[in-house]
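Trainee: With the first letter of the sequence shown counted as 1, position 303 gets the number 303 in my numbering; the numbers rise by one all the way through.
Backbone N, C-alpha and C fix where the C-beta goes; we use that ideal spot for every residue, glycine too.
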Amino acid sequence: MNVSRILLKKYNVPTYRSLSFIRYNACRGSAKHFQKSLNSADLSFCSLASVNCDSSSASADKTINETIQTILHSDRTLGKVEAYGASSLNDNISQLFEEMRNDMFRGNCTYLEHIRGVIKNLHSTDKIGNSDATFLLLCCGHSLADALPPERLKLFEDLWALLPDYGVQYKVEHYNARIVVYNENGKQFSCEDMLKEMEEAGIEPSRYTFELLVHQCCKQGNIEEAMKMVELMKEKKMSLNERIFASLIYGYSKIKDEDGAKGIMDLMETKGLRPSSLTYTAKLLAYAELGNKGKINEVLDDASSVGIFFPDEALFDVLFVLCANKHDHLADIILERFRKMPGYFTKANNASVRLAIGGHCEVAIKVLRTIRKNPLPDGSLRNIGDKMLRYMVQNDALLASFSYVLKSLKADHMHSNPYEVALKFCYLYQHPDIAEGLLKEMKVVGIPLRTQYFWPMMCAESVRASAESLLRVLGIMDELQVPITLGTLMDWFYPNLPPDADIEKLLNSERLPGITPNLYRIGYLCYLLREVNAKEALELAKKHRMRMLAENRIIDSLCFAFARGDVSACIELLRILNDWSADDSVAVAFNSKVLERLSRLAQPDKFEEILHCAASQNLVFDSATLQSLQEKFSNTGNEKFVQYLNTLMKHEPSVNVKNATVANIGVDEFIDECNKTGVVDKFLADVLLRKAFVDQKYDDFKNLYFFLKDNKDWYATVSHDQQMIHAHLATGEVDQAVQLFKSKEMKYAHTALAVAEALVKQKRVDDALDILKQNCNRTDEYDSGRFIAALNSFFDSAVISVSPDELCTLLNGMSIGNFSLNINSLMTKCIKKYIDRNELNKAVEFFERAALFFRRIPYATEMTIELVKHEQSALLQKAFDIVVRIRGELHAVMTLALALVSSGRVDQANQLLKRRGVRLDHNYLISFCRIRVDNNKFRDLEALFTATNGVVDCNRNNLLSFLLISYRNCRNWRRALYFWNLLKEENFHLSKRNLLLFKKIFSDNDQVPPDDLIELLENIGMDSMGSDMDALEQTEDDLLKSIYNVVPSSEVVALLNEKRIEEAVNLFQELAQTRQSFPLKVSRQVILTLRRMKDWESLSKIRRSLPASDVRMLNLQYYIGEAMINCGECERFLESLEIRPRLRSYSSLVALLLEHDPKLEERVNVYAENAYRLNNPVPLVGLWMYYTVNGRDEQARALSERLGEKVIASCLKYQYLFERAKNGNQFSQIVDSTLTMMKKHCTAESISAAVGSLIHIERNYLVDCCI
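1. Measuring CA to CA, which of N824, S462, G1252 is closest to R856?
2. In whole angstroms, what is the alpha-carbon distance linking S1253 and Q1215?
3. Taking only the alpha-carbon atoms, compute the straight-line gap between Q1299 and Y280 and give it to the nearest angstrom.
4. With DSSP as the reference, label T625 as helix, strand or coil.
5. Express the C-alpha separation of H870 and P1009 in angstroms, rounding to a whole number.
6. Cβ of E99 within 8 Å of Cβ of T134?
7. From Y1167 to M1238, what does the alpha carbon distance come to, in whole angstroms?
8. H728: buried (16+ other C-beta within 10 angstroms of its C-beta) or exposed?
9. Identify which residue in R553, E536, E504 has its Cα closest to the Cα of G523.
10. Nearest CA to the CA of E289: which residue from M268, S239, F320, S276?
11. Once the 5 residues before and after M827 are set aside, which same chain residues still bring their CB inside 6 Å of it?
12. Taking the alpha carbon of L423 as the reference point, which residue from I831, S403, A411, M414 has its own alpha carbon closest?
13. Answer yes or no: do I249 and K283 have a C-beta to C-beta separation smaller than 8 Å?
14. Would you identify the three-state DSSP class for Y748, choosing helix, strand or coil?
15. Below 8 Å, can you find three or more Cβ-Cβ pairs linking the segment 411 to 421 to the segment 429 to 437?
16. Could you compute how far the alpha carbon of I831 sits from the alpha carbon of I865?
17. If you follow the alpha helix (DSSP H) that G437 is in, where does it begin and where does it stop?
18. Return the CA-CA distance between I753 and L409, expressed in angstroms with no decimal places.
19. With a 10 Å radius around its C-beta and 16 neighbouring C-beta atoms as the bar for buried, classify N325 as buried or exposed.
20. So, with DSSP's three-state summary, where would you put L1067?
21. Quick check: the segment 876 to 888 against the segment 923 to 941, are at least 3 beta-carbon pairs closer than 8 Å?
22. Where does T67 sit, in a helix, a strand or coil, going by DSSP?
23. Considering only residues of the same chain and omitting the five flanking positions on each side of R956, which have a CB-CB separation below 6 Å?
24. Relative to the alpha-carbon of I476, which residue among P495, N508, L512, N994 has its alpha-carbon at the smallest distance?
25. Using CA coordinates, which residue listed in S416, Y1187, S803, E204 is at the minimum distance from K171?
26. Starting from the Cα of L807, find the closest Cα among E757, N822, V318 and give me that residue.
27. Alpha carbon to alpha carbon, how far is A31 from F210?
28. In this structure, how does DSSP classify T110 when only helix, strand and coil are distinguished?
29. So what does DSSP say about I1255, is it helix, strand or coil?
30. Can you round the beta-carbon distance between I115 and C139 to whole angstroms, since I take them to be within the 8 Å contact cut?
31. Report the partner residues of L144 according to the DSSP bridge assignment.
32. Identify, in the order they occur along the chain, each residue of the same chain with its Cβ nearer than 8 Å to the Cβ of L941, setting aside the five sequence neighbours on each side.
33. Could you tell me which whole alpha helix (DSSP H) segments of length 4 or greater appear in the segment 956 to 1016?
34. Closest by CA to L406, which one among L428, E441, Y429?
35. Going by other Cβ atoms of all chains shown within 10 Å of its Cβ, with 16 needed for buried, is I223 buried or exposed?
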């Protein structure tokens, strides 16, 4: 084993992966397996000897060709470490095996849930191979981190009895694994009995078997039995290796026979074996078991003096032995000796799990503390300890242990929110008792408790069993001073009550926790309306008179009941609710809100029934609401509705409800009025705050905000804190913005990014990092478009303002925080921004920092392409060396070759790929080709096909398929014909699929295929194809499907080119629903095709399949509306707008609607006014655009004065204005006035986009004139 370590260290192979591989194969029988493992790993893979990996040595005067030649003429053969394969099993088990192997390779551990998952998912038809059986058995040793020895042994015995039923025939490697598991779990057994059992099974023990048996005897302190095993080895003429001597030394040291141990050491040296770390580890394990501190230090010092270092795996084993024998106080001696080699992070995390499960929490925390010494740019790590918390919960850890672990994680800054994570695991694994203790602990340490922390507790099986248990949860909330909300009762308490619970007794009880019986009754009323039926709610209301609380909740619940069809019962209940109201005005307001909500949600027949019942019950409503509904329904021709509304108008109350609108009053005037009267109109204050912020009148906003704060109006100020932060930033008060942001309990991600951006501009990187690490919420009231805009703006400023090293630090801060972003995409974004700014040196510097920090190299190929194109020799050498260090030289050579291909340096790429020892990474090639096909870069694919000429292990027919798919996508039959002739000159043997693709390219473009192509297709039959894989395909459709499986988006393009639109849409929708990523170019092609066809229904179908972010990016909602209008569905489109007047549509659609159907102008005016009352000015801006392009200047001027230029500029769609003006006689006038207005009120980016749109329109106009 020592030889392997020396070799692996010498050749710079990742130790933890290779040793795990060798350890696995060592159990497979004899020395040849061990030697095979050692030989199978190409130990020169990561050696950097063949290239100059010190970028500083690359001369600045060196040309790009010289740099490439330096890399090209390296003579060393490149290799690749290969991993062993798994058996063919059902998909569920294969996935579990893959996860277990990954865990074993990375950290030499696995978990109970995976092994149990394998047993649970076994089918009668499954067959387990011998190697997988060995692996499964070995997983029951100490690598099973979340189980104690008795549980591991039981699991092993179950597997041992189970595996023969699935085709496993036990061999020597399985018995070796059995001995290993018995040894690691402390099971006593007789070595002679084990050998006898193997003999009866017809299995010959290997040398490794005897090694394990010797170690087992020594572990039991039975040296005499161990020597018998050694004699048996001599009889079988098996040589003694260091493992045997190390086991004997361990045995003698354990029984405190120092002379015996020294004698074995001397004998070992006389045999020509020098002690390695294996021997010293054996002595350490013996003294750790005895707890002999002096001897432990002596062994560590002796090893150090002769230049022997202990691998981290060995030291962890010593640590486990110390703790298992209750010598936890000696752990510090071992902890300070860790070398923290690659993979230490994973190993330490797994070790903490094993220690915590065994009750050694203090040592587990000490192990986690060692991780913090890793050299990271910002001096901290991402959250660690999650895995330990999870398995502590699963194994019912004591609350005292939890308390210590959580406090330590928090105090040592190893985890930002350990209590919340532990609470999540408690609920996930149904441990409400532990959760209760954690919540009380959180209260003690001062962590704010939220109502939602208690909701999952009510869903636990043990809590749902009785009403008393559920009431106890509410009692805990009251005890911990957490408000019991109506939502808690409606959504969590009542739905989880057992069926036999006595609700009436509960509601009549005078000793309910936390809140008054009235709120319990209101909650039950809402629950009945939403989840049961209105009749039971009505009966409850008749029995119990209640005070009206939580008006909006009751309205929501009533609407649910109305929608279910319980109209008569709901109307009667509404009458009772009116009786409970404090006065007539409150009842009228309540009824009006219900009616307005139902007018938008209910079906027409249901709404008619509602109006009929409301009229018969003489319910009263606000006149403004009734008038608005009258206008709406009179325009749609619903005369019955209008009649009922007229009837209800006659019931108008004497007290009218205030219908507040935006008052024409300034902030200073409002403050003076409030000071005079001593009363603050909260509604008007909220309106003025919003208006001042939207109009960017930040001084007015601040004055009113601080006035409300001085008047103790908590709600008004807290609800506008986010805007206040942005106001501080806009006026340069960054410190005040930071202070307010940190004081907020609910922090939004886009606000955090805005604050961090301001700090970055001031080069306050540490402060910005602190902001990014705050707990932020992305599921807030703002859409993700706001978040993406803030993210792009942040990176734009960061790239300009800070160094690449500092940018890497900020990137790490975002990965540590709650941004849930893909670190690869963030790295790619930064590199792209550097390249766009032509700062290639900074791009490479950032690439190096980020690659070493995150161990990832996204965008490597594209960046290398840029370096080659710009002739940046030194930077290319540096980038190449970085890829070598992270992924190995094979990957680096492939990256460089593909970059040369994309840069047109085909000959150099060909030489590089034909270099001795280079093996193509076919997955890398396919990924490269797929991206080129998606982006229609057929020139790169042509270059790649040429560059692979003469490369031995390259399937050029596959590369040609990608090229032909690209030709077909862009309908380039001429280029295909040219390439067909080139292939004939080369005498290239085409596969049948490529012949078929050539034929499709010509037929799709109404061209006659070459005669020799037709002849080949006719002559090549299935019988003549022999073993060609294409012979398996039976039809053209099967062949095409096999081609397009790797690039499904291209199949959509092919169907569009063939005018099979419906099939293309169905396939696009099917692929989109599986969340396959689509190039935007393909999505746009599908959408524009349907747009030209005016097929709004298919566009709507696609919209339902795409995520909201893609819908916004593709402007899909606009195209749907445009298609509806263009195909004559104007009224239907207008109805969709009228139903939701708050929804901001597109102003150009409103103008286009009137252009197609001017008769709808009156209805559009009503809709626009309703929308404007709800703070939606878009429809009125659409009217302004319609008036402007149609020469109705007076109406346009009136609207412009009413709305103001700023509102119009923020809502107008300049494309519509420019296109319509071009068709009229006022082009220059409209363009000049529009751009002048945008210059005053819009950003430079918006103005630039408008100018670009103008140029595009002009160009199209010139083309049309020429035609």
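Mentor: In this structure, then:
1. As a first step, residue 856 must be located in the sequence shown, where it is residue number 856. Comparing Cα-Cα distances from R856 to each of N824, S462, G1252, the minimum goes to N824.
2. Your numbering for residue 1253 matches position 1253 in the sequence shown. Your numbering for residue 1215 matches position 1215 in the sequence shown. Straight-line measurement puts the Cα of Q1215 at about 7 Å from the Cα of S1253.
3. Lying before the first or after the last residue shown, residue 1299 is absent from the chain, which here runs from 1 to 1267.
4. Residue numbering aside, residue 625 sits at position 625 when the sequence shown is read from its first letter. The answer is helix: DSSP assigns T625 an H, G or I state.
5. Mapped onto the sequence shown, residue 1009 falls at position 1009. Mapped onto the sequence shown, residue 870 falls at position 870. Rounded to whole angstroms, P1009 to H870 spans 41 Å at the Cα level.
6. Indexing the sequence shown from 1 puts residue 99 at position 99. Indexing the sequence shown from 1 puts residue 134 at position 134. No, Cβ-Cβ distance for E99 and T134 is not below 8 Å.
7. By 1-based counting over the sequence shown, the position of residue 1167 is 1167. By 1-based counting over the sequence shown, the position of residue 1238 is 1238. Taking the straight line from one Cα to the other gives about 26 Å.
8. Looking up residue 728 in the sequence shown gives position 728. Its Cβ being crowded by 16 or more others within 10 Å, H728 is buried.
9. Your numbering for residue 523 matches position 523 in the sequence shown. Ranking R553, E536, E504 by Cα distance to G523 puts R553 first.
10. For the purposes of this step, residue 289 is identified with residue 289 of the sequence shown, where counting begins at 1. Among M268, S239, F320, S276, the Cα nearest to that of E289 belongs to F320.
11. The residue you call residue 827 lines up with position 827 of the sequence shown. Once the five neighbours on either side are set aside, the close Cβ partners of M827 are A850, P858.
12. For the purposes of this step, residue 423 is taken as residue 423 along the sequence shown, with counting starting at 1. Nearest of I831, S403, A411, M414 to L423, Cα basis: S403.
13. Counting from one through the sequence shown, the residue named residue 249 turns up at place 249. Counting from one through the sequence shown, the residue named residue 283 turns up at place 283. Taking 8 Å as the Cβ cut-off, I249 and K283 qualify as a contacting pair.
14. As a working mapping, residue 748 is identified with position 748 in the sequence shown. Y748: strand per DSSP, three-state reduction.
15. no
16. In the sequence shown, the residue the question calls residue 831 occupies position 831. In the sequence shown, the residue the question calls residue 865 occupies position 865. So the alpha carbons of these two residues sit roughly 13 Å apart.
17. The residue labelled residue 437 in the question sits at position 437 within the sequence shown. Where G437 is concerned, the enclosing alpha helix (DSSP H) starts and stops at 432 to 445.
18. Along the sequence shown, read from residue 1 onward, the residue named residue 753 stands at position 753. Along the sequence shown, read from residue 1 onward, the residue named residue 409 stands at position 409. According to the sequence as given, residue 753 is Leu; it is not Ile. Using only the alpha carbons, I get a separation of about 27 Å.
19. As a position in the sequence shown, residue 325 is number 325, starting the count at 1. The residue in question, N325, is exposed, as its Cβ has fewer than 16 Cβ neighbours within 10 Å.
20. To locate residue 1067, count along the sequence shown from 1; it is residue 1067. Residue state, collapsed to three classes: helix.
21. no
22. Residue 67 sits at position 67 when you count from the first residue of the sequence shown. Look at T67 here: in three-state DSSP terms it is helix.
23. On the sequence shown, position 956 is the one that residue 956 refers to. These residues qualify, in order along the chain: T948.
24. Sequence index remark: in the sequence shown, residue 476 carries index 476 (1-based). Per the Cα distances, L512.
25. Looking up residue 171 in the sequence shown gives position 171. For K171, the nearest C-alpha among the options comes from E204.
26. Stepping through the sequence shown from its first residue, residue 807 is reached at position 807. Nearest C-alpha to L807 among E757, N822, V318: E757.
27. Counting from one through the sequence shown, the residue named residue 31 turns up at place 31. Counting from one through the sequence shown, the residue named residue 210 turns up at place 210. Any reading at A31 is ruled out, since the residue's pLDDT is 35, under 50, leaving its predicted position unreliable.
28. In the sequence shown, residue 110 corresponds to position 110, counting from 1. Strand at T110.
29. As a first step, residue 1255 is located in the sequence shown; it is residue number 1255 there, counting from the start. The answer is helix: DSSP assigns I1255 an H, G or I state.
30. For the purposes of this step, residue 115 is taken as residue 115 along the sequence shown, with counting starting at 1. For the purposes of this step, residue 139 is taken as residue 139 along the sequence shown, with counting starting at 1. Contact flag correct, Cβ pair sits at about 6 Å.
31. Here the question's residue 144 lines up with position 144 in the sequence shown. L144 is bridged to T110.
32. Here residue 941 refers to the residue found at position 941 when the sequence shown is read from its first residue. Closer than 8 Å at Cβ, skipping near neighbours: C929, R932, V933, L959, F962, L963, S966.
33. 956 to 969, 973 to 986, 992 to 1004
34. In the sequence shown, residue 406 corresponds to position 406, counting from 1. The shortest C-alpha separation from L406 is found at E441.
35. Working through the sequence shown from its first residue, we reach residue 223 at position 223. A buried status is given to I223, since no fewer than 16 other beta-carbon atoms sit within 10 Å of its beta-carbon.
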